[in-house]
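First to last, the sequence lines map onto chains A and B. Offset between the first sequence (1-based) and our numbering: plus 516. Offset between the second sequence (1-based) and our numbering: plus 504. Heads up, the thing below is written out as structure tokens.
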Amino acid sequence: ISGRHSYAKYNNWDKIVAWTEKMVNKCPEMVSRIKIGSTVEDNPLYVLKIGKDERRKAIFMDCGIHAREWISPAFCQWFVYQATKSYGKNKIMTKLLDRMNFYVLPVFNVDGYIWSWTQNRMWRKNRSKNKNSSCIGTDLNRNFDVSWNSSPGTNNPCSDIYRGPAPESEKETKAVTDFIRRHLKSIKAYITFHSYSQMLLFPYGYTTKLPPNYEDLNKVAKIGTDVISTRYETRYIYGPIASKIYPTTGSSLDWAYDLGIKHTFAFELRDKGKFGFLLPESLIKPTCKETMLAVKFIAKYILKHTS
Amino acid sequence: VVPVFFDRDKVFRVKPQDEKQANIIKDLAKTNELDFWYPDATHHVAANMTVDFRISEKESKSVQSVLDQNKMHYEILIHDLQEEIEKQFDVEED
């Protein structure tokens, strides 16, 4: 895959790294790159901080926790591009960036993403080696320290949802949780992007019990899905993970919520199965544009309703 | 490591109507290599849920006959996964 980085195409890891450098060079007053750690195979984990001032409210967004879900990193790149391009032009984005910061992790599972480009397009987990097993990888979205014992996820390293030998056993998970814990005072919302099935989900995944601020989260998710549909009439459903899809343990969403970030959302981006993980590049832009509307709405809501 | 190719792999969408049919899918997962696309794993499969899984061409015929025998609702979303993988790059370089 030759050529330059493009927001209309899927970009391999080398192009994304080069793009992070380009964004910092292009908008040094708005974009800074923070290395929050490295992966099992020693690739860097980069967070882009969009915004000017350390002391503001912030939203943490991560993409690419599951390697094969390529539309997810494409959205994070689009978000950074749109945020920097529309600052000073678009009223809402200007207001948001004047008053809050965004921490964007374009690719969470770097090793897995590289593997899905070079060896196995259908790969999902990270690439850590598992003791006493020839099977590789941990599902990073089962590796968070939440509900670890309530309903034990799978302990089989060969399973696609293997949760790892212990909570935060994976370098990638630890890098993200350490960063969020260090910035907990300012981070008011956590948004994670997956695909597919067109859903906007919120806690809990590990129990069907509703979170204390369920009404609030449900209202935001409902309006968020309404906003998405205004662009291309794309239909999303919304609700708590456990009742909307199925119970899961160890997810980043539940961990962030129980840590104290009371507005956490997971997007399952396009589509609903016609292409599944193989969403054609020609659908990247419309998917990103409609998702942008919902993320801007959520950010506005956080700006207004969190202290 | 040789890259994995998915020539003529298929993606099935099955809608188990009840617990019995959900268990048929779980049993198929024990004897065939099903890559669950939705839900994430076999133990999340339940009645009245849409279940998407990828399967090799070789195993797809026997799986399809089990679904037929049990009169299960299913469709094949993707008939040749490798073809779809190549088709996803449908935007020209700038």
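Note that the Cβ used here is the ideal one computed from N, Cα and C, for glycine as well.
Check: Does the distance from the CB of His710/A to the CB of Glu585/A come in under 9 Å?
Finding: yes
Item checked: Continuous alpha helix (DSSP H) assignments of at least 4 residues falling wholly in the stretch 516-582 of chain B -> 523-535, 561-573
Item checked: Cutoff 7 Å; reference Ile517/A; Cβ partners in own chain excluding five residues on either side -> Only weak support exists for where Ile517/A lies, its pLDDT of 47 falling under 50; the value from the coordinates is given anyway. Hits under 7 Å: Asn528.
Margin query: From the DSSP secondary-structure annotation, give me the bridge partner or partners of Tyr562/A.
Written below: Lys551/A
Next item on the list: Identify, in the order they occur along the chain, each residue of the same chain with its Cβ nearer than 6 Å to the Cβ of Tyr817/A, setting aside the five sequence neighbours on each side.
Entry: Val736
Item checked: Cross-strand partners of Tyr712/A (DSSP beta bridge) -> In DSSP, Tyr712/A forms no bridge with anything.
Next item on the list: Kindly list, in the order they appear in chain A, the residues whose Cβ is closer than 7 Å to that of Phe516/B.
Entry: In chain order: nothing, as chain A lies at least about 11 Å away.
Notebook entry, point to check: To the nearest angstrom, how far is it from the Cα of Ala691/A to the Cα of Asn646/A?
Noted result: 19 Å
Check: Along chain A, in chain order, which residues have C-beta atoms closer than 7 Å to that of Arg558/B?
Finding: Met638
Check: In chain order, which continuous runs of the alpha helix (DSSP H) of length 4 or greater are located wholly inside the stretch 563-645 of chain A?
Finding: 587-602, 607-615, 626-634
Check: What residue does the alpha helix (DSSP H) around Thr689/A start on, and which one ends it?
Finding: 687-698
Margin query: For a quick check, are the C-beta atoms of Lys568/A and Glu545/A less than 9 Å apart?
Written below: yes
Margin query: Give me the chain A residues within the contact set of Leu581/B, using Cβ-Cβ distance strictly less than 8 Å, ordered along the chain.
Written below: Gly789, Lys790, Gly792
Margin query: According to DSSP, simplified to helix, strand and coil, what is Gly792/A?
Written below: helix
Check: Straight-line CA distance for Asn559/A to Ser569/B?
Finding: 45 Å
Next item on the list: Can you tell me which of the three DSSP states Ile777/A falls into?
Entry: coil
Next item on the list: Could you work out which residue in Thr634/A, Trp594/A, Arg697/A, Asn659/A is closest to Ser574/A when comparing CA atoms only?
Entry: The question names Ser, yet the displayed sequence has Ala at residue 574/A. Comparing Cα-Cα distances from Ala574/A to each of Thr634/A, Trp594/A, Arg697/A, Asn659/A, the minimum goes to Arg697/A.
Next item on the list: Identify whether Ile517/A lies in helix, strand or coil by the three-state DSSP scheme.
Entry: Legend: pLDDT at Ile517/A = 47, less than 50; position of this residue unreliable, value from coordinates given subsequently. Of the three classes helix, strand and coil, the one that applies to Ile517/A here is coil, per DSSP.
Note to self: So Ala534/A contacts chain B; which residues on that side make the cut at Cβ distance below 8 Å?
What the structure shows: Neighbours of Ala534/A on chain B: none; closest Cβ ~14 Å, over 8 Å.
Check: Which residues, in order along the stretch 735-764 of chain A, keep a beta-carbon less than 9 Å from a beta-carbon of chain B?
Finding: Ile761, Tyr762, Pro763, Thr764
Next item on the list: Return helix, strand or coil for Glu588/B, following the three-state DSSP convention.
Entry: helix
Check: What's the call for Thr693/A, buried or exposed, on a 16-neighbour Cβ count within 10 Å?
Finding: buried
Notebook entry, point to check: Nearest to Ser754/A by alpha carbon, out of Arg643/A, Glu731/A, Ser767/A, Phe793/A?
Noted result: Strictly speaking, residue 754/A in this sequence is Tyr, with Ser absent from that position. Nearest of Arg643/A, Glu731/A, Ser767/A, Phe793/A to Tyr754/A, Cα basis: Glu731/A.
Notebook entry, point to check: From which residue to which residue does the alpha helix (DSSP H) around Pro802/A run?
Noted result: 800-821
Checklist line | Burial state of Tyr678/A, where buried means 16 or more other Cβ atoms lie within 10 Å | finding: buried
Notebook entry, point to check: Can the beta-carbon of Glu563/B be found less than 9 Å from the beta-carbon of Glu537/B?
Noted result: yes
Margin query: Check whether the stretch 749-763 of chain A and the stretch 671-685 of chain A touch, using three or more Cβ-Cβ pairs below 8 Å as the test.
Written below: no
Margin query: I'd like to confirm the pairing. Which residues does DSSP put opposite Tyr678/A in its beta bridges?
Written below: Thr670/A
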